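J.:
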Amino acid sequence: MAKIVGGLTSSHIPAIGSAIARDLFEDPYWKPFFDGFPAARQWLHDVKPDIAIVIYNDHGLNFFLDKQPTFAIGAAPEYRNEDEGWGIPTIPAFKGAPEFSWHLIDSLVGDEFDMVTCQEMAVDHGFTVPMQLFWPDFSYTDVATVPLVINTVQHPLPSPARCYKLGQALRRAVESYPEDLNVVILGTGGLSHQLDGERAGFINKKFDLMCMDKIVDEPEVFLDMSIDDLVRDAGAQGAEFILWLAMRGALGDKVKLVHRNYHLPISNTATGLLCLDSAA
Amino acid sequence: MAEHEPIPGTVKFDGKMAMKGYALNKMCYSFNNAENREAFLADQEAYMDKYGLNEQQKQALRDKVVLDMLAAGGNIYYLAKFAGIFGLSVQDIGAQQTGMSVEAFKEKLLRAGDE
């Protein structure tokens with residue numbers, strides 16, 4: 004049977020993709036951010052995942068507002084990065100796992116999560132940046148991927164509780180797959196940031212640190228929060244924390260914190276990295 | 662449509678804004694394609710007409726004023742593609758929206774971890 008070995012979180016800011024392309028790993032601005040990743044890569048080396056399910060939001064590459072799904076999932080043999088309008092270099096394709104994806108779809112829809120299914124899907128920085136961070140130098144081609152998109156672009160967004168429950172359903176889906184596969188779940192985006200409005204540049208370190216603490220052992224504290232609560236406390240785009248909650252829901256009750264790093268700012272954003280092992 | 666308590670300095674991009682900004686956001690979505698970016702730069706007025714932008718949207722783009730684009734229904738993820746054509750980063754547009762210099766805005770971000 005397939006099993007979930009753990010979860011990772013990472014911010015997915017486009018500027019990180021440019022910094023990777025320009026090798027800025029030792030640059031004083033970037034170093035405290037990039038230095039968080041080797042410990043997570045070591046953990047990945049130890050747990051050897053076959054498949055990464057990447058929970059992110061599309062930023063207007065694969066989906067436009069003509070058809071904006073709340074939850075969507077990839078079922079393609081490969082996923083390509085494409086021009087997003089402003090020049091992050093495009094990178095080699097990501098390997099898909101279509102049969103595994105269709106198993107997830109069957110299970111999730113059977114579990115009352117009615118996913119939009121995508122047999123072709125372009126993946127933007129929300130997906131590519133975390134994959135490049137955890138599997139550097141294009142070594143991500145060693146792992147198969149399933150993109151799982153949650154809408155954070157157009158309100159109404161699904162609630163924190165709903166996203167957490169999606170994660171729980173995802174766990175049931177993975178664990179009912181007959182093949183012995185190790186699966187890691189990536190929750191991307193966040194932490195606090197706001198790009199638009201007079202409140203642009205809003206960052207809330209105190210709230211972020213609370214999120215990084217509580218999501219490990221007490222994720223239920225977030226389940227009564229509304230999207231408006233998240234926007235108020237974490238900024239308009241900080242609502243991406245729902246993507247982390249979906250990841251956490253998939254890990255089960257007990258997890259072990261392997262590694263964490265919090266650094267701000269990168270671009271307009273406070274960044275958070277968590278590495279959580281399911282074998283608590 | 663449900664009313665919600667406003668959060669200061671924050672436009673909630675909901676159904677109402679999605680309807681209002683549809684043409685503007687659709688035009689910005691077209692900028693994922695390099696040929697379309699070139700066509701826009703070659704004749705901005707004709708390109709805006711082609712997508713059916715209203716006068717409020719057109720003027721906001723002519724002026725490059727982000728708060729006006731938001732008021733006209735622009736969604737920040739799509740406006741970022743417009744900003745990119747002119748080489749404007751999220752710090753540049755953050756500075757503009759908050760009435761700060763870009764240097765002061767970057768300094769504010771760097772200091773956000775101090776307290």
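Chains as they are written, first to last, in the working numbering: chain A, 4 to 283; chain B, 662 to 776.
Even for Gly, the Cβ is constructed at its ideal location relative to N, Cα and C.
Here the structure is a predicted model, which is why all the values come from computation and not from measurement.
Quick one: measure Cβ to Cβ for alanine 147 of chain A and isoleucine 108 of chain A, integer angstroms, because I've assumed they're closer than 8 Å.
T.: The residue labelled residue 147 of chain A in the question sits at position 144 within the first sequence. The residue labelled residue 108 of chain A in the question sits at position 105 within the first sequence. Not confirmed; about 16 Å, so no contact.
J.: Counting C-beta neighbours from all protein chains within 10 Å, is the total for proline 222 of chain A 16 or more, i.e. buried, or is it exposed?
T.: Reading the first sequence from its first residue, position 219 is the one you call residue 222 of chain A. By the neighbour-count rule (16 or more Cβ atoms within 10 Å), proline 222 of chain A is buried.
J.: Could one say the Cβ of serine 270 of chain A lies closer than 8 Å to chain B's Cβ atoms, at least one of them?
T.: On the first sequence, position 267 is the one that residue 270 of chain A refers to. Output row for serine 270 of chain A: interface = yes.
J.: With DSSP run on the structure shown, which of helix, strand or coil describes glycine 774 of chain B?
T.: Reading the second sequence from its first residue, position 113 is the one you call residue 774 of chain B. Of the three classes helix, strand and coil, the one that applies to glycine 774 of chain B here is helix, per DSSP.
J.: Taking phenylalanine 766 of chain B as the reference, give the member of A:Leu173, A:Gln135, A:Met228 and A:Asn271 with the closest Cα.
T.: Sequence index remark: in the second sequence, residue 766 of chain B carries index 105 (1-based). Among A:Leu173, A:Gln135, A:Met228 and A:Asn271, the Cα nearest to that of phenylalanine 766 of chain B belongs to A:Asn271.
J.: Going by the beta-carbon positions, is the gap between glutamate 87 of chain A and lysine 98 of chain A smaller than 8 Å?
T.: If you number the first sequence from 1, residue 87 of chain A lands on position 84. If you number the first sequence from 1, residue 98 of chain A lands on position 95. No; because the gap between Cβ atoms is not below 8 Å, this pair is not in contact.
J.: Distance check for methionine 680 of chain B and aspartate 38 of chain A, CA to CA, integer angstroms please.
T.: Position 35 of the first sequence, counted from the start, is the residue given in the question as residue 38 of chain A. Position 19 of the second sequence, counted from the start, is the residue given in the question as residue 680 of chain B. Cα-Cα distance, rounded: 43 Å.
J.: If you draw a straight line from the alpha carbon of methionine 662 of chain B to that of proline 669 of chain B, how long is it in whole angstroms?
T.: Taking the second sequence and counting its residues from 1, the one referred to as residue 662 of chain B is at position 1. Taking the second sequence and counting its residues from 1, the one referred to as residue 669 of chain B is at position 8. Bear in mind that the predicted position of methionine 662 of chain B carries a pLDDT of just 42, short of 50, making it unreliable; the figure below should be weighed with that in mind. For methionine 662 of chain B and proline 669 of chain B, the distance between alpha carbons rounds to 20 Å.
J.: Bridge partners of leucine 260 of chain A, per DSSP?
T.: Your numbering for residue 260 of chain A matches position 257 in the first sequence. In the DSSP output, where bridge partners are listed per residue, leucine 260 of chain A has A:Leu279.
J.: Which same chain residues, not among the five before or five after tryptophan 247 of chain A, have their C-beta less than 7 Å away from its C-beta?
T.: Your numbering for residue 247 of chain A matches position 244 in the first sequence. So the qualifying residues of the chain are Thr12, Gly190, Gly193 and Ile218.
J.: Flag this pair as touching only if the region 736 to 744 of chain B and the region 672 to 692 of chain B have three or more C-beta atom pairs under 8 Å; answer yes or no.
T.: Yes, they touch.
J.: Have a look at leucine 277 of chain A and histidine 262 of chain A and give me their C-alpha separation to the nearest angstrom.
T.: Taking the first residue of the first sequence as position 1, residue 277 of chain A is located at position 274. Taking the first residue of the first sequence as position 1, residue 262 of chain A is located at position 259. About 6 Å.
J.: Residues of chain B with CB under 8 Å from glutamate 87 of chain A, in chain order?
T.: Numbered from its first residue, the first sequence carries residue 87 of chain A at position 84. Correct list: Asn693 and Lys742.
J.: Our contact map puts methionine 250 of chain A next to glycine 170 of chain A with C-beta atoms below 8 Å; I'd like the distance itself, whole angstroms only.
T.: The residue given as residue 250 of chain A occupies position 247 in the first sequence. The residue given as residue 170 of chain A occupies position 167 in the first sequence. About 6 Å; that satisfies the 8 Å criterion.
J.: To the nearest whole angstrom, what separates the beta carbons of lysine 208 of chain A and glycine 774 of chain B, a pair I think is in contact under 8 Å?
T.: Within the first sequence, the letter at position 205 stands for residue 208 of chain A. Within the second sequence, the letter at position 113 stands for residue 774 of chain B. Right, the Cβ-Cβ distance comes to about 5 Å (below 8 Å), so this counts as a contact.
J.: What is the C-beta distance between glutamate 243 of chain A and asparagine 60 of chain A, in whole angstroms, given that I count them as a contact (C-beta under 8 Å)?
T.: By one-based count along the first sequence, residue 243 of chain A stands at place 240. By one-based count along the first sequence, residue 60 of chain A stands at place 57. The pair is a contact, with the Cβ atoms about 6 Å apart (cut-off 8 Å).
J.: What is the rounded straight-line gap between the Cα of glutamate 182 of chain A and the Cα of alanine 18 of chain A?
T.: For this step, residue 182 of chain A is matched to residue 179 along the first sequence. For this step, residue 18 of chain A is matched to residue 15 along the first sequence. Roughly 38 Å separates the two Cα atoms.
J.: Secondary structure at serine 270 of chain A, three-state DSSP: helix, strand or coil?
T.: Translated into the one-based positions of the first sequence, residue 270 of chain A becomes position 267. Coil.
J.: Name, please, each residue of chain B whose Cβ falls closer than 7 Å to the Cβ of arginine 202 of chain A.
T.: Within the first sequence, residue 202 of chain A is the residue found at index 199, counting from 1. Chain B residues near arginine 202 of chain A: Pro669, Gly670 and Thr671.
J.: Is leucine 267 of chain A close to chain B? Criterion is C-beta to C-beta, closer than 8 Å.
T.: The residue labelled residue 267 of chain A in the question sits at position 264 within the first sequence. For leucine 267 of chain A, the answer is yes, since a Cβ of chain B falls inside 8 Å of its Cβ.
J.: Can you name the residues of chain A whose CB is closer than 9 Å to the CB of aspartate 704 of chain B?
T.: Here the question's residue 704 of chain B lines up with position 43 in the second sequence. By Cβ distance, chain A contributes nothing, its closest Cβ being about 19 Å from aspartate 704 of chain B, past 9 Å.
J.: Nearest-angstrom Cα distance between glycine 676 of chain B and threonine 144 of chain A?
T.: Within the second sequence, numbered from 1, the residue matching residue 676 of chain B stands at position 15. Within the first sequence, numbered from 1, the residue matching residue 144 of chain A stands at position 141. For glycine 676 of chain B and threonine 144 of chain A, the distance between alpha carbons rounds to 39 Å.
J.: Counting only the same chain and skipping the five closest in sequence on each side, list residues whose C-beta sits under 8 Å from that of valine 233 of chain A.
T.: Position 230 of the first sequence, counted from the first residue, corresponds to residue 233 of chain A. The amino acid occupying residue 233 of chain A in the given sequence is leucine; valine does not appear at that position. These residues qualify, in order along the chain: Pro163, Gly241, Ala242, Phe244 and Ile245.
J.: Hey, which unbroken runs of the beta strand (DSSP E) at 3 residues or more fall wholly within the region 61 to 129 of chain A?
T.: Fully enclosed beta strand (DSSP E) runs of 3 or longer: 74 to 77 and 119 to 121.
J.: Of all the options B:Leu714, B:Ala733, B:Gly713 and B:Arg723, which has the alpha carbon lying nearest to the alpha carbon of leucine 702 of chain B?
T.: As a first step, residue 702 of chain B is located in the second sequence; it is residue number 41 there, counting from the start. Among B:Leu714, B:Ala733, B:Gly713 and B:Arg723, the Cα nearest to that of leucine 702 of chain B is on B:Arg723.
J.: Any beta carbon of chain B sitting closer than 8 Å to that of leucine 239 of chain A?
T.: For the purposes of this step, residue 239 of chain A is taken as residue 236 along the first sequence, with counting starting at 1. The sequence as given places alanine at residue 239 of chain A; leucine does not occur at that position. It does; some Cβ of chain B falls within 8 Å.
J.: Distance check for leucine 771 of chain B and glutamate 29 of chain A, CA to CA, integer angstroms please.
T.: Your numbering for residue 29 of chain A matches position 26 in the first sequence. Your numbering for residue 771 of chain B matches position 110 in the second sequence. Taking the straight line joining both Cα atoms gives about 18 Å.
J.: Judging by CA-CA distance, which residue of A:Ser195, A:Leu260, A:Ser229 and A:Ile230 is the nearest neighbour of histidine 266 of chain A?
T.: Here residue 266 of chain A refers to the residue found at position 263 of the first sequence. The residue with the shortest Cα to Cα distance from histidine 266 of chain A is A:Ser195.
J.: Closest to asparagine 693 of chain B by CA distance: which of B:Pro667, B:Asp753, B:Glu764 and B:Gly745 is it?
T.: Walking along the second sequence from the start, residue 693 of chain B turns up at place 32. That would be B:Gly745, whose Cα lies nearest to the Cα of asparagine 693 of chain B.
J.: Going by the DSSP bridge assignment, what does alanine 55 of chain A pair with across the sheet?
T.: Residue numbering aside, residue 55 of chain A sits at position 52 when the first sequence is read from its first letter. DSSP output for alanine 55 of chain A lists A:Thr148 and A:Val187 as bridge partner(s).
J.: Does tyrosine 739 of chain B come within less than 8 Å of chain A when only Cβ atoms are used?
T.: Taking the second sequence and counting its residues from 1, one reaches residue 739 of chain B at position 78. Taking Cβ atoms only, chain A reaches closer than 8 Å to tyrosine 739 of chain B, which makes this a yes.
J.: Going by Cα to Cα distance, which pick from A:Pro41, A:His15 and A:Lys51 is closest to lysine 6 of chain A?
T.: For the purposes of this step, residue 6 of chain A is identified with residue 3 of the first sequence, where counting begins at 1. The option with the nearest alpha carbon to lysine 6 of chain A is A:Lys51.
J.: Taking the alpha-carbon of valine 126 of chain A as reference, which of A:Ser110, A:Val152 and A:Asp236 has the nearest alpha-carbon?
T.: Within the first sequence, residue 126 of chain A is the residue found at index 123, counting from 1. Considering only alpha carbons, the answer is A:Val152.
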